[in-house]
Structure formats: structure tokens, C-alpha cells
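Residue numbers (the numbering used here): 1282 to 1651. As C-alpha cells, the structure follows; a few thoughts come after it.
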């Protein structure tokens, strides 16, 4: 029944199907999981079929999918978790983070067009959807499944928080070659993350980038000059994995090592996890370049400057060391947040959300080790 090809264009059929899958997930435990997860074939249709609908237009369907995934993770079956982490976690979280980023851009559009009173209902709905996503991600992180948390945290930091939210804070970095949102929306979204999330590796990474700029993995979005690519919605649509429509049958091709330090126990947890390839260059308007910049060593800074002098002007714009984002201006992100506290020459919206962000950082239980 689970793998049968129903006509999901019929909303009633889809509603019954998703409700059926969610009901089955409520009965999952370490014994009943064996009825649905095939260890020999490494197949878990109850999970893989459900997550195909994670981005359905109907909110009740999306909620059912989230409930099912959480119920599945809670079981804690070792082989099942290995299957999820190896085969489905990376494409699923990649698409989920892409969706959150896309919604953030739509939210920004609603704010820009706030003079149109018809947009207020859409704005409220966009904020509600975004908060639902954050609470869902928080629920996953609180399950404390180490490998799953590492994959999700890496995607959130390097595909959403730094390239879209934090890099939208300084006005001089919000250029047309990089996807960005307004400073007002950026402050609001960062504040919501810090108010809801308390996963130490995640919140400490946000704080470290904002306050210290010690280590930044930049994500440069290179766009073409074609007029068709000027829509910023197309700018952010750099990552969609078709594996979701193929039942998650194939594993992601590349491997990335990530280390998160837990200062409480003074031990490092190193895990290898798989990450997706970006779409083919022929189908993509972007070239995604990741550069890890470390500025805690003076000698490394000097070497970086020497390399920058050798690079062409076009290459210089692709590499953004934390110490050379704007010469003579250290702690660029923090200074832009603090500058928002002055509401004498602007609307007080930025001031309010800047205060919310600073308050959330100070009171977040996950930042006690920062």
C-alpha cells in the first residue's frame, strides 16, 4: 500500500494516504520498526515516500510529514538511523534549508511591499511558516542524534545563516552578485533563530561569526549577466535535489568531514557525512564556491594578503576573508548590528530587532560556552 502509485492529484486520496502514513508512524518502536524497515535491502518506504511531500502546498500535509519524520527519529533504531544518515538526511535537509531560504526571500518581498495592505495576510502567513520550520528543526536537534545533528547544523550554518542572513547585515556586502535580504528582515530572522534554537554548536557558530569573525566559510553566488537571472528568487534557487522524487534510492556522492567541539566534556566529535552535488552547470545560473577563512593566526593573515595581491581583480571579489571584508573595519557584522540601535535617522524596526537579537544571544542557554 505504501509504495502503490496512487493518483495524488486527487486531494482526498492524498489526505487519506498521508494520514495513513502518519498513523503508522505513531505506532513505531524498536520492535514494530522491523515491519517497515528492510535491513537487508536497506529500504524504508514509510519514510522515503512521506518526505516527498515535505514541500506540499497544503499545510496539513507538511505538518503530517514533519510529525512522521520526528516519530521515526525518536525510535532510535541503529540500522534505521544509519540508513537515514547515509541515504536521505543530506538531500532532505538540503532541500529543507533551500525552502527556508526561499521563504525568507519571499518574506523580504512582503516587507518591501508593505504599503499594499493586501500583503499583510501574506506577511503573517510567511512569518508563521518560517517559525514552524524553526520549531521543527529545533525538535530534530533536541533529539540529540549526533550524526543527524551534525548534518543539519552544517547545512543551516553554511547554506542559510552565514550566506543569506549574516551577510545581509552589512550594506556594503549586500550587492547584486550575492543573494541578500533587507537588514530589517535579517535581524528579525537571526533573532528568531537565537530565541528558538539552543543547540550549542549552532548558536555558538552564529555568535562566533557575528562577534569575532574568526572562521567564516563563505558561499559566493556568482550570477550571469543574462536578464533572465535578475530575479533574486532565481538567485537563491541554486540547490534542488531530484533524489526526493526518486525515493531517495541513491546516496550523495561526496564526503565532508566536520568537527564540533563540546567544551562541556572537552571532547571533539568527528563524523563523516555525505553532501549533495549542486545541479549541473548547464542548468544552473550559479557557481558555488566555498572558501574557509581563518583569521586567528597573524601569519595566515599575511599569507592571505600576499595571495590576494597576486589574484586578479575578479578573483578578489570571490574571496572574503573575515579580516579584510572592509579594510580598517573589524567586527563588521557586530558594528552593523550596533549601528541599528541608533533610530534617530531611520525607522525603529531595525532597532527593535537588533535589541531582540542581542537579548536572545545573552539569554540563550546554548551560548554559555561561547
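Think of the CB as a built atom: it goes at the ideal place given N, C-alpha and C, for glycine as much as any other residue.
query: Under the DSSP definition of a beta bridge, which residues are partnered with residue 1310?
result: Residue 1310 is not bridged to any residue.
Would you decide whether residue 1369 is buried or exposed? Buried here means 16 or more other CB atoms lie within 10 Å of its CB.
buried
Simplified DSSP state of residue 1645, which is helix, strand or coil: coil
Practice task
Report buried or exposed for residue 1439, applying the criterion of at least 16 other Cβ atoms within 10 angstroms of its Cβ.
Solution key: buried
Alpha carbon to alpha carbon, what distance is there between residue 1332 and residue 1350? 8 angstroms
Here's the rule: buried if 16 or more other CB atoms are within 10 angstroms of the residue's CB, otherwise exposed. What is residue 1284?
exposed
Fill in: Alpha-carbon spacing of residue 1390 relative to residue 1479, whole angstroms
29 angstroms
Would the beta-carbon of residue 1314 fall within 7 angstroms of that of residue 1361? yes
Notebook entry, point to check: Would residue 1382 be called buried (16 or more neighbouring beta carbons within 10 Å of its own) or exposed?
Noted result: buried
Requested in this report: Give the secondary structure of residue 1617 by DSSP, where H, G and I count as helix, E and B as strand, and everything else as coil.
Outcome: helix
Enclosing alpha helix (DSSP H) for residue 1344 [first to last residue]:
1340-1356
| Quick one: complete alpha helix (DSSP H) runs, 4+ long, within the stretch 1376-1464? | 1400-1423, 1427-1437
### CA-to-CA distance, residue 1287 to residue 1418, given in whole angstroms
30 angstroms
Quick check on the burial criterion: 16 or more other C-beta atoms within 10 angstroms. Buried or exposed for residue 1328?
buried
task: Measure the alpha-carbon distance for residue 1694 versus residue 1430 and round it to whole angstroms.
output: Residue 1694 cannot be examined here, being either before or after the span of the chain that is shown, 1282 to 1651.
Exercise. Does the distance from the C-beta atom of residue 1445 to that of residue 1635 stay below 7 angstroms?
Worked result: no
Which residues DSSP lists as bridging residue 1324, in chain order
1319
Subject >> Per-residue burial, residue 1304 [other beta carbons within 10 Å of its own, 16 or more giving buried] >> reply: exposed
Exercise. Should residue 1353 go down as buried or exposed, given a rule of 16 or more other Cβ atoms within 10 Å for buried?
Worked result: buried
Coil, strand or helix - residue 1264 by DSSP: For the chain, the structure presents residues 1282 to 1651; residue 1264 sits outside this window and is missing.
Practice item. Using beta-carbon positions only, say whether residue 1447 and residue 1335 come within less than 7 angstroms of one another. Key: no
Boundaries of the alpha helix (DSSP H) in which residue 1493 is found, first to last residue: Note, residue 1493: premise wrong, no alpha helix (DSSP H); not H, not E.
Exercise. Thinking C-alpha only, which one of 1477, 1319, 1320, 1326 is nearest residue 1413?
Worked result: 1477
Under 7 angstroms between the Cβ atoms of residue 1621 and residue 1631? yes
To the nearest angstrom, how far is it from the Cα of residue 1409 to the Cα of residue 1388?
10 angstroms
### Query
Taking all protein chains shown into account, do 16 or more other C-beta atoms lie within 10 angstroms of the C-beta of residue 1374, making it buried, or fewer, making it exposed?
buried
> Cβ atoms of residue 1466 and residue 1392: under 7 angstroms apart, would you say?
Replying inline: yes
**Q.** Helix, strand or coil at residue 1335 according to DSSP, with G and I counted as helix
**A.** coil
My output table needs one value for residue 1634: the three-state DSSP class, helix, strand or coil.
helix
(Q) For residue 1424 and residue 1311, which I take to be in contact (beta-carbon distance under 8 angstroms), what is that distance rounded to the nearest angstrom? (A) Not really, about 15 angstroms apart at Cβ, beyond 8 angstroms.
From 1639, 1371, 1378, residue whose alpha carbon lies closest to that of residue 1230:
With the chain covering 1282 to 1651 only, the question about residue 1230 has no answer from this structure.
ask   = In chain order, what residues of the same chain have a beta carbon less than 8 angstroms from the beta carbon of residue 1587, not counting five sequence neighbours either side?
value = Interpretation of residue 1587 is limited by its pLDDT of 47, a score under 50 that renders its predicted location unreliable; no figure is taken from the coordinates.
* Classify residue 1270 as helix, strand or coil using the three-state DSSP reduction. => Here the chain comprises residues numbered 1282 to 1651, so residue 1270 is not present and cannot be evaluated.
Nearest CA to the CA of residue 1379: which residue from 1437, 1324, 1317, 1341? 1437
### Message
Using 7 angstroms as the threshold, is the C-beta distance between residue 1488 and residue 1648 below it?
### Response
yes
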